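Sequential numbering of the sequence shown, starting at 24, is according to the working numbering.
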Amino acid sequence: MAHLARGYKAIKLRVGDNVRADSDRVEKVRECVGDDVDILVDANTGYSLGQVRKIMPLLEDLDVGWLEEPFPAMDFHNYRLAATYGGVPIAAGENHFTRYEFARLIEDAAVSYAQPDLSKTGGMTEAIRIAALTSAWKIPIHPHTSLTGINMAASIHLLSAIDNGVILKGRDALQSIS
């Protein structure tokens, strides 16, 4: 709650355990923070397709902003199917390393948010190529950051150079680059 008092407008929760426990956790957080704070959830590849099918309507009812990385990165088939299960956008990309992998996500209409990690994409050049590709499809970029100063600084520079950047995550994001 201290971060919200300092002006943070969104929080991200870890999910991916089981549907009931995860939806209960998100519901309790929603009760605490109210409707003016975005809740984003990250499954860290912990869900099966069946679990995503079950949790999507629950997350939608709780006005969750996105479900991040429900499956392993190369499980393109399940990403495509999950995107059809409800009104909660899918976010992915921290473990997609090239513009070709992002192109596959786009072609499959599998993601609503792209999350390249500059420490994994090979740096700024490939990240800018990914941003240009996703911009053409009106898909926003939310860089995945490992919360190191170098990655955070690179992500800030990326967001400054592209037209489809939307959010930067991090605990005390600006202090971590000093």
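Cβ atoms here follow ideal geometry from the backbone N, Cα and C, with glycine treated the same way. Predicted model, so just to flag it, every value in this text is computed and none were measured.
Glu83 sits in a helix when the DSSP states are folded into three classes. Counting C-beta atoms within 10 angstroms of its own C-beta, Glu130 has fewer than 16 neighbours from the protein chains shown and is therefore classed as exposed.
For Arg122, the enclosing alpha helix (DSSP H) begins and ends at 122-130. Taking the Cα of Met97 as reference, the smallest distance to any Cα among Phe125, Val189, Val75, Asp86 is reached at Phe125. In this structure, the beta-carbon distance from Ser178 to Pro163 does not fall below 7 Å. The continuous beta strand (DSSP E) containing Val64 extends over residues 61-65. Rounded to whole angstroms, the Cβ separation of Ala106 and Ala137 is 13 Å, and the two are not in contact under 8 Å. Counting only runs of 3 or more residues that sit fully inside the stretch 101-169, the beta strand (DSSP E) segments are 113-115, in chain order.
Scanning its chain for C-beta atoms nearer than 8 Å, with the 5 sequence neighbours on each side dropped, one finds around Thr157 the residues Phe125, Ile129, Ala137, Pro163, Ile164, Asn187, in chain order. Considering only Arg48, Ile151, Gly109, the residue with the shortest C-alpha distance to Ala184 is Ile151.
A distance below 7 Å between beta-carbons, with the five flanking residues on each side excluded, links Leu72 to the following residues of its chain, in chain order: Asn101, Leu104, Ala105. For Gly109, the number of other beta carbons within 10 angstroms of its own is at least 16, and it is reported as buried.
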